[in-house]
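Peer 1:
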Amino acid sequence: MFDIVLIPAFADNYIWLLKSECSTAVAVVDPGDAAPVLDYLQHEKLTLGAILITHHHRDHTGGISQLKRVFPEAKVYGPADESIPEITAPLTEGADVKLPWLGDSLKVLEMPGHTAGHIAYSGDGLLFCGDILFAGGCGRVFDGTMKQMAESLQRIAKLPEKTLLYCAHEYTEANLGFALWVEPENRAIKARQKAAQRVRQQGKATVPSLLSLELKTNPFLRTQIPTVIAAAEKWAKTPLNNNAALFAALRTWKDRDYD
Ligand code: ZN
Ligand code: FE
Numbered sequence: 000m001f002d003i004v005l006i007p008a009f010a011d012n013y014i015w016l017l018k019s020e021c022s023t024a025v026a027v028v029d030p031g032d033a034a035p036v037l038d039y040l041q042h043e044k045l046t047l048g049a050i051l052i053t054h055h056h057r058d059h060t061g062g063i064s065q066l067k068r069v070f071p072e073a074k075v076y077g078p079a080d081e082s083i084p085e086i087t088a089p090l091t092e093g094a095d096v097k098l099p100w101l102g103d104s105l106k107v108l109e110m111p112g113h114t115a116g117h118i119a120y121s122g123d124g125l126l127f128c129g130d131i132l133f134a135g136g137c138g139r140v141f142d143g144t145m146k147q148m149a150e151s152l153q154r155i156a157k158l159p160e161k162t163l164l165y166c167a168h169e170y171t172e173a174n175l176g177f178a179l180w181v182e183p184e185n186r187a188i189k190a191r192q193k194a195a196q197r198v199r200q201q202g203k204a205t206v207p208s209l210l211s212l213e214l215k216t217n218p219f220l221r222t223q224i225p226t227v228i229a230a231a232e233k234w235a236k237t238p239l240n241n242n243a244a245l246f247a248a249l250r251t252w253k254d255r256d257y258d
């Protein structure tokens, strides 16, 4: 089992670092920037054994080449279906990422939608979900489809409720603002918004997030809830009779009117 350290990058990215007392080698997930990772490794006298990538966007991959210059032996895992030249270990659904020096391994789940080849890494009670799900919200749909994204989010919704979701951005406060557009009377969202504001005022991160809380507060995981359906149909001005259509309406509503 490993410990997980949060390394902030850019304005609102989070790089997750996996380490264990048994080894000085660590792994990082989505190092968009090398500098904060190298600072941490130097300060803690650690080395880099593996880089895990969820998708091709620069804010998740931009640090790979510099990290490889300093740690040429680091293995670079990432989605087989995306073009990321630095990847040395391309991954598809069900692949095992063995990290023996951390005494653990992670399993690959293909979760397209934000990008066409986006993958997530699942471990014991946790998921590194990149830009698929954010606390209180989800990623935009770029080179994947609305249907893919809806299905990937449903896949997350079906994981055990105690799963910790390690997403790659701090967007929680803004996301909960939109969640309240969709469900103005939802007390769990209001309470979560207050809690998130307090956490941010202390300069701390609101993630990882617990799936059980997402299921109560994240509109993109609540596409089966009557009030959410009614709100989406009201915005779309048309009946929405399947999950993908409902998701697409919510996502488009947020893109056009809120963000
Ligand atoms: Zn992205
Ligand atoms: Fe991102």
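Reminder that position 25 of the sequence shown reads as 24 in numbering that gives the first Met the number 0, one-by-one numbering, no gaps.
Positions of the beta carbon are idealized from the N, C-alpha and C atoms, including for glycine.
1) Would DSSP call Asp130 helix, strand or coil?
2) Restricting to Cα atoms, I'd like to know which of Ala49, Gly48 and Ile63 is closest to His55.
3) Can you tell me whether Glu81 is buried or exposed, with buried defined as 16 or more other CB within 10 angstroms of its CB?
4) Determine the direct distance from the alpha carbon of Tyr165 to that of Phe70, and round the result to whole angstroms.
5) Can you give me the start and stop residues for the beta strand (DSSP E) that Tyr76 sits inside?
6) How is Lys157 classed by DSSP in three states: helix, strand or coil?
7) Please state whether the Cβ-Cβ distance between Arg154 and Met110 is less than 9 Å.
8) So for Pro35, helix, strand or coil by DSSP?
9) Name, in chain order, the residues that DSSP records as bridge partners for Lys106.
10) Are the segment 118 to 127 and the segment 156 to 173 touching by the rule of at least three beta carbon pairs closer than 8 Å?
11) Does the segment 136 to 148 come into contact with the segment 225 to 236, if we say contact requires no fewer than three beta-carbon pairs (one atom in each stretch) closer than 8 Å?
12) On the three-state DSSP scale, how would you describe Gly136?
13) Would you mind sorting Thr60 into buried or exposed? The rule is 16 or more other CB atoms within 10 Å of its CB.
14) Flag this pair as yes or no: are the beta carbons of Asn174 and Phe133 separated by less than 9 Å?
15) For Ser22, collect the residues of the same chain with a Cβ closer than 8 Å to its Cβ; drop the 5 residues on either side in sequence, then sort them by chain order.
Peer 2: Reading off the structure:
1) Within the sequence shown, the letter at position 131 stands for residue 130. Correct three-state label for Asp130: coil.
2) Along the sequence shown, one-based indexing puts residue 55 at 56. Considering only alpha carbons, the answer is Ile63.
3) Position 82 of the sequence shown, counting from 1, holds the residue named residue 81. Answer is buried; the Cβ neighbour count reaches 16.
4) The residue given as residue 70 occupies position 71 in the sequence shown. The residue given as residue 165 occupies position 166 in the sequence shown. Those two C-alpha atoms are separated by around 25 Å.
5) One-based indexing of the sequence shown puts residue 76 at position 77. Per DSSP, Tyr76 belongs to the beta strand (DSSP E) from Lys74 to Pro78.
6) Start at 1 with the first residue of the sequence shown, and residue 157 comes out as number 158. If DSSP states are grouped into helix, strand and coil, Lys157 belongs with coil.
7) As a position in the sequence shown, residue 154 is number 155, starting the count at 1. As a position in the sequence shown, residue 110 is number 111, starting the count at 1. Closer than 9 Å, so yes.
8) The residue labelled residue 35 in the question sits at position 36 within the sequence shown. DSSP places Pro35 in helix when its eight states are reduced to three.
9) Counted from its first residue, the sequence shown places residue 106 at position 107. Partner(s): Asp95 and Ser121.
10) Yes, they touch.
11) Taking a cut-off of 8 Å on C-beta distances, the segment 136 to 148 does not touch the segment 225 to 236, as fewer than three cross pairs fall below it.
12) Sequence index remark: in the sequence shown, residue 136 carries index 137 (1-based). Here DSSP, grouped into helix, strand and coil, assigns Gly136 to strand.
13) Sequence index remark: in the sequence shown, residue 60 carries index 61 (1-based). It counts as buried.
14) The count along the sequence shown starts at 1 and reaches residue 174 at position 175. The count along the sequence shown starts at 1 and reaches residue 133 at position 134. Against a cut-off of 9 Å, the Cβ pair of Phe133 and Asn174 comes out as a contact.
15) In the sequence shown, the residue the question calls residue 22 occupies position 23. Cβ within range, chain order: Gly48, Trp100 and Leu101.
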